[in-house]
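Trainee:
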Amino acid sequence: MRWVVLSDLHMDFNNCTTEIARNKLIEKLKCENDSDNISFVIITGDCFHRNKGDVKEIELFISRIAKACKISKKRIILCPGNHDVSRKISDRNIKIQDYRNGGNLPEITDCLSAYGSFEQLYALVKGQKYSPFSVQTINDINVISVDSCLLCMDENDYGHINVNFKELNNLSKKIKKDDKFNIVVMHHGVEWMQPYEGRRFQHWLADNKVRLVICGHNHAPGMNVLTEAIEPNGIPISGIQQFTCGCAIHDNYSKPVFFIGEMTENKFVKMKLYEYRDDSNWKIASGNLRDFPDGVYNESNLEGLINNSYDIPYYYKTIFDIDDIVAEEIKTSTFLNFFGLRGRTFLKDNSKIASSLYDKENEIRFRGLVSDPYSIYIEKRLRSVPKFAPQSKLEEQWKINYIDIKKLRDTFPKNSTWRLRFHEQPLLFRFIQTDYNVYIGYYAKEPSSKSPMLRYSNKSAIYQNLKNFFEAGWENGKTNFSPTIPDRCSFILDKFDMKPSLVINLDSLCNMDCKYCPEGGENLKKCDDLCGIEQIKYLLTAYSNYYKEKKWTEKKVVRITGGEPLLDSQRLLCLLQHAKNEGYEKIVLCTNGILLQECYEDNSEIWESVKSILLLKISLDSLRSDVFKEITRSKDLNIVINNILFAKRKNFKIELNFVATKLNVSEIRDVYDFAHELNLVGLKVLTVNDFGGRIESDDVEKELSNLISSLRNDNFVETGLYVHNNKGIYMKRFIKDGCTLTIVDHMNREKSVTPRRTYGEVCQTCDFYPDSYLVKSGNVKPCATGIMSMTMRADGVLSYCRMIDSKMNISGKNKSEIQIIVEAMLKNFDNCYHYEIEEKKNNDEKI
């Protein structure tokens, strides 16, 4: 059974050679079909050029291809490419940028809003509506279409592609578990995906018995093995082949090519590579690619290769056991490549390997590809090791890694043959490669110093695969890492200056009377005289100005709360509009939701104008009317739920807030399922904040611990993060299908499930600081949250902590006076550090 693969037609790209090549292609396909029937044709995207082109003209050319192969147009497998997507849909681009920043996948419908021309072409060719994930069965082959362009947006798509939408998992149900040959077709190769998501997708390929991946985009043909697309406990060589088809245009960078694929009788793959020659004929591309000797790739060439002695590794218990043999190889080797986390082995005088390299410094090419010290994959690696899983241990080890990577960079010889680059790739393995062997160690659930190493000869397949892997990583590696430590990695320093978020309490009144809420809500008092709206706008401006002056790169966020901020909708709308005008990238609006629809309908234009940067945090403490009434002393549960549904229909981003008490803790999963079913951002579970003893809190830690165990058992993805990027409380987060369940435990004793806090030097003189005399003597309850936000009370009092009765009040002040107050207040966020409740350290040790 045979098929044709074409890619990157770029039909609006015209020159004489390309025009001739297209016409000659039709002739060549007729000849090929006459010699042996072609069953279907795959076109892996970029039919348009920069989203331009005549739909009917493109459809006509595709019809000519189908006619040449004597097949129905329904047997044309057509997937979109990045040039088939409009890059000018601002709402779509904003949501994709939100994904790149925060990891929340947009809705499929939002992604498809840029597909207008392609959807027209697809309907003309296939006679049906386009679906980004589909299966078409042709005889003994399932052709599985996977849309890799859903998150395409700009020239920075590399490393940001993701196909792991819930629709991909739903597609698994349509792939029958039979003996059919499964092929996946998409535009981008797996290497274009966000590394962690690419690994997940490879696992999906293996789980669904996919035999082959066909893609395009790169304008150059090739084949590589997806080494993570293997059965559990398999070996990389048994991964899935990914064939990249080149383009169908002729320019300074590329020549037209296409594949003819074949499934042989014994279900092996045979691929022929054709290229358009200067003599204006399509011929077999022989001698160009090693994977295609004589222009043909035969999968059967690999049959039995694993039994070859070259592919049977030699085992070493740890990396220390290869010190002598690698040091000896270096003496006669021309190069050494290293890929891994930190490369501590190669610090001068740190090993025999390093000593041997330095002895031959100007006579050997040494390239080190180590992790960017701020890479999230370091966190993922460390968290997989039980020893480093606790946050305090993780940060401690991450700091050690950072010091080693920095030392390697700073002491690396500056000569023409030694080079160091920094990667951000998943840490699945590390390896050392010389002319003779490659030594690979897989990162397991133990410190890497205890992991075994496997040696493969340069005649083995894995040697060549890892060499190709290294070259690809080297191409994309950075020559340095940022001199500015990102906020999320500031624990690398003993102390760090925090970039606080801004919290504005718009009022202190509320239309609920929740039992866990102190008088005045987060104001901690009833404020009769409210701060003027002009002063609050000055505050937003002053905070924004300080951001610009400091050149902070962290997202600029304001949180608006109360009381209930929707009780004063006109002041609220004025602030929302002003925050957007001042360049705030995220507005978090905390509300109980009762007045949401009413306020929206009163002034929908402003709500719509800020929708892209607005997160609605809506309180929902129960789905049971009796429990809801007892907690909130309100009968308005149905109104709240209806308003949540209303806001969802209007496409607002929504996260539910749930304060856990003895009354409702058993409902957490039910409320999360409600959020999950509606595709909300997620649910945040908070325990009662006692606000220094003002409120009596419930002990629900046992129930939370059981909840965490159940989430792990149900295979939720587990991660962690601070309430506000490395400040406040370090939360636990669990994710399923993109919907998050986040836990923030305000319990300020040892058994808290989220015991890590951030404090500053300014906190150490506070009566509520955990090490203060009053706390230790039991006269005062310790601070529950740590330091994280600059907060404006409803009456205009500005403070770095709600528990402090600050003397700084912006009411009645002019713009310049408020700028001075803000700058003075923000100095309190210098010299911060992390503190874990169960740690028994002296105060001096903590700072």
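Counting from 1, one number per residue, gives the positions in the sequence shown under UniProt numbering. Heads up, the beta-carbon is just placed ideally off N, CA and C, and yes, glycines get one too. Since the model is a prediction, treat every value here as computed from it, not as a measurement.
What are the partner residues of R430, as DSSP defines its beta bridges?
Mentor: Looking at the DSSP assignment, R430 forms a beta bridge with G441.
Trainee: Note down, in chain order, each residue of its chain lying with its Cβ closer than 7 Å to the Cβ of K635, except the 5 sequence neighbours on either side.
Mentor: These residues qualify, in order along the chain: K629.
Trainee: Under 9 Å, do E424 and S371 count as touching if we go by C-beta distance?
Mentor: Cβ atoms of E424 and S371: closer than 9 Å.
Trainee: Tell me, which residues are paired with Y276 by DSSP?
Mentor: Bridge partners of Y276: W282.
Trainee: Cα separation between W552 and A824?
Mentor: Their Cα atoms are separated by approximately 17 Å.
Trainee: Out of K24, G102, L121, which one is the CA nearest neighbour of D54?
Mentor: Answer by Cα proximity: L121.
Trainee: So what does DSSP say about I161, is it helix, strand or coil?
Mentor: Note: I161 maps to strand in three-state DSSP.
Trainee: If you pair each beta-carbon of the stretch 41-51 with each one of the stretch 5-15, do three or more pairs fall below 8 Å?
Mentor: Yes, the stretch 41-51 touches the stretch 5-15.
Trainee: Comparing alpha-carbon positions, which option in L704, N651, M271, I787 lies nearest D497?
Mentor: Of the candidates L704, N651, M271, I787, the one whose C-alpha sits nearest the C-alpha of D497 is I787.
Trainee: Tell me the DSSP secondary structure of F628 in three-state form.
Mentor: Helix, per DSSP.
Trainee: On the DSSP bridge list, what partners appear for G473?
Mentor: In DSSP, G473 forms no bridge with anything.
Trainee: The beta strand (DSSP E) that contains K732, what's its start and end?
Mentor: Where K732 is concerned, the enclosing beta strand (DSSP E) stretches over 730-736.
Trainee: What does V55 pair with, by DSSP beta-bridge criteria?
Mentor: Paired residues: none, contrary to the question.
Trainee: Near L302, which residues of its chain fall below 7 Å by C-beta distance, leaving aside the five closest residues on each side in sequence?
Mentor: Any reading at L302 needs caution, since the residue's pLDDT is 43, under 50, leaving its predicted position unreliable; the model's value is listed next. So no residue of the chain qualifies.
Trainee: Taking 9 Å as the cut-off, decide whether the C-beta atoms of L615 and V588 are in contact.
Mentor: Going by C-beta atoms, L615 is nearer than 9 Å to V588.
Trainee: State the CB to CB distance for the pair N458 and Y436, rounded to an integer number of angstroms; the pair is presumed to be in contact (CB under 8 Å).
Mentor: Their Cβ separation, rounded to whole angstroms, is 6 Å, which keeps N458 and Y436 in contact under 8 Å.
Trainee: With M825 as the anchor, note down where its alpha helix (DSSP H) starts and where it stops.
Mentor: Run containing M825: 815-826, per the alpha helix (DSSP H) assignment.
Trainee: How far does the beta strand (DSSP E) with L680 in it reach, from first residue to last?
Mentor: L680 -> no beta strand (DSSP E), and no H or E assigned at all.
Trainee: Count the CB pairs spanning the stretch 94-111 and the stretch 61-73 that are closer than 8 Å, and state whether there are at least three.
Mentor: No: fewer than three Cβ pairs fall under 8 Å.
Trainee: Work out the CA separation of K727 and Y835 for me, nearest whole Å.
Mentor: If I take the Cα positions, the gap works out to 11 Å.
Trainee: Which same chain residues, not among the five before or five after P413, have their C-beta less than 7 Å away from its C-beta?
Mentor: E361, listed in sequence order.
Trainee: By the 10 Å Cβ neighbour count, where 16 or more other Cβ atoms means buried, how is D529 classified, buried or exposed?
Mentor: D529 is exposed by the Cβ-count criterion.
Trainee: DSSP three-state label for K841, please.
Mentor: Because K841 sits at a pLDDT of 41, beneath the cut-off of 50, its placement in the model cannot be relied upon, and the following sentence gives the value as read from the coordinates. Residue state, collapsed to three classes: coil.
Trainee: Decide if the stretch 502-517 is in contact with the stretch 460-477; the criterion is three or more beta carbon pairs, one per stretch, under 8 Å apart.
Mentor: No, they do not touch.
Trainee: Please report the straight-line C-alpha distance between I94 and K586, rounded to a whole angstrom.
Mentor: Answer to the nearest angstrom: the Cα atoms are 12 Å apart.
Trainee: How big is the Cα-Cα spacing for V326 and S355?
Mentor: One C-alpha to the other measures close to 11 Å.
Trainee: Rounding to the nearest angstrom, what Cα-Cα distance links K467 and Q433 in this structure?
Mentor: Cα to Cα, K467 sits roughly 8 Å from Q433.
Trainee: Measuring alpha carbon to alpha carbon, tell me which of I230, E265, L493, S772 ends up nearest P373.
Mentor: It is L493.
Trainee: I need the DSSP call for Y253, collapsed to helix, strand or coil.
Mentor: Coil at Y253, not helix or strand.
Trainee: What are the boundary residues of the beta strand (DSSP E) that Q241 is part of?
Mentor: 240-244 is the extent of the beta strand (DSSP E) around Q241.
Trainee: Under 8 Å, with one C-beta from each stretch per pair, do the stretch 643-663 and the stretch 671-683 reach the 3-pair mark?
Mentor: Result yes; three or more Cβ-Cβ pairs closer than 8 Å.
Trainee: Identify every run of the alpha helix (DSSP H) within the stretch 122-173, keeping only runs that are complete inside it and at least 4 residues long; order them along the chain.
Mentor: With a minimum length of 4 residues, the continuous alpha helix (DSSP H) runs that stay inside the stretch 122-173 are 166-172.
Trainee: Terminal residues of the continuous alpha helix (DSSP H) containing C590?
Mentor: That residue, C590, is in no alpha helix (DSSP H); its beta strand (DSSP E) goes 586-591.
Trainee: When you compare the stretch 147-164 with the stretch 183-194, are there three or more beta-carbon pairs, one atom per stretch, that lie closer than 8 Å?
Mentor: Counting Cβ pairs under 8 Å, three or more are found: they touch.
Trainee: Just to confirm, are R367 and F470 a CB contact at a threshold of 9 Å?
Mentor: Yes, Cβ-Cβ distance for R367 and F470 is below 9 Å.
Trainee: Which one or two residues does DSSP pair with T785 in a beta bridge?
Mentor: In DSSP, T785 forms no bridge with anything.
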